[in-house]
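First comes the structure, then the notes that go with it.
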Amino acid sequence: MHKASKNYVYPGLPAVAGAPSERVRLGVDVLDAVLPRGVYRNSFVVLAGPGGAGKSVIVTLVTSAFMARGEPVVYVALDDDPRTVVQNYASLGIDVGGFIRRELFAIIDGFSHRLGNYRVEYEGVVRVVEPGELEKLPYTLVDVILEKEMSGRGLVVLDSVNELLMTYDRRRAIDVMRRIRAIVSKGNSVLTLAVLHTSTAELAEFLRSIEHLVDGVVEVEVSGEIVSEGGAVRLLRVRKMKGVLHLSNAVKFYIGDRGAVLLE
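For what it's worth, my numbering labels the leading residue of the sequence shown as 70, then goes sequentially.
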């Protein structure tokens, strides 16, 4: 039984002094257990796994931890509309509205174009990305980073890479990711967390094909075990994380009312 080098800087942005060598803890027990010294701020990390493995909960908790300590978050919503993004926080008892009012949470909306006449304005949306404009996303992100003075702090979430793969061929999708890594993560030392749903063998193979292009890969999956609380046990492992101590063995967790609960 379980118990519960020289930086590339996008024009208009100041150079970030010393920030690339700074480590930052992710603030979620299940991640801090395998990354006890955190990750470098200038990292581009992929969070991958099949549907239902807990990726959305982990993203919600990591972003909340950053905002709780006063670091801004830019959430690129490609899979869901802004209302659904906000609901994900509410489901865990997190008042993301308060973070929006403090200008700590901003959404780049790449979904609502699908809503047609049902499209409405949402609080917290700072940019809208229309169909066919995803190749401009790296520069849209840097514009927001400039506005929010985020160089060397904060977090960008890309949710998800799958939308890039459905919009463009693989080569162009990878090019967008590489440019985000170059000018957001490396150029301005803003940690980037990119979600990848690997529910098919083809998508799992895509993850393997890009491992050398990113700084970190964290994978989650459902184990098949059930805890006494009734939840399914998930496994989380760090497959890769450049330059920092990380445990390669998987840790177990389940999803409770308030998020991911680490099992010992």
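Yeah, the Cβ is synthetic: ideal placement off N, Cα and C, and Gly gets one too.
If you're wondering where the values come from, they're calculated on a predicted model, not measured in any experiment.
Proximity of residue i and residue j at Cβ, strictly below 8 Å
| i | j | result |
| --- | --- | --- |
| E204 | R241 | yes |
| V225 | L210 | yes |
| D228 | V198 | no |
| N157 | S258 | no |
| T261 | I249 | yes |
| A263 | M235 | no |
| R327 | L100 | no |
| E298 | G325 | yes |
Cutoff 7 Å; reference residue i; Cβ partners in own chain excluding five residues on either side
| i | result |
| --- | --- |
| P105 | L314 |
| S74 | Its pLDDT being 33, under 50, S74 is placed unreliably in this model, and the value from its coordinates should be taken loosely. For S74, where only same-chain residues beyond five positions count, there are no Cβ hits under 7 Å. |
| P200 | H182 |
| S125 | N157 |
Cβ shell of residue i (< 8 Å), same chain only, five flanking positions each side left out
| i | result |
| --- | --- |
| I243 | I279, L282 |
| V142 | T132, F135, M136, F168, L173, F174, A175, G223, L224, V225, V226 |
| L95 | D101, L104, G107, V108, V131, A134 |
| D238 | none |
Nearest-angstrom beta carbon gap, residue j and residue i [assumed within contact, 8 Å]
| i | j | result |
| --- | --- | --- |
| G285 | V114 | 4 Å |
| L304 | S292 | 5 Å |
| L116 | V128 | 7 Å |
| V230 | L265 | 5 Å |
| V253 | I214 | 7 Å |
| N318 | R308 | N318 to R308, Cβ: 12 Å. No contact. |
| F180 | D212 | 19 Å between Cβ atoms; not a contact. |
Cβ-based neighbour list, residue i, same chain, cut-off 6 Å, excluding 5 preceding and 5 following
| i | result |
| --- | --- |
| Y323 | V296, G300, V302, V330 |
| E151 | It should be noted that the sequence gives Pro, not Glu, for residue 151. Counting only Cβ-Cβ distances below 6 Å, and skipping sequence neighbours, we find I176, D178, Y191, V194. |
| L316 | V103 |
| E294 | V302 |
Chain C contact for residue i (CB, 8 Å cutoff)
| i | result |
| --- | --- |
| Y191 | Absent from the structure: chain C. Only one protein chain is present. |
Complete beta strand (DSSP E) runs within the segment 116-182 (minimum length 3 residues, chain order): 142-146, 174-178
Start-end ranges of the alpha helix (DSSP H) lying completely within the segment 239-309, minimum 4 residues: 239-249, 270-279
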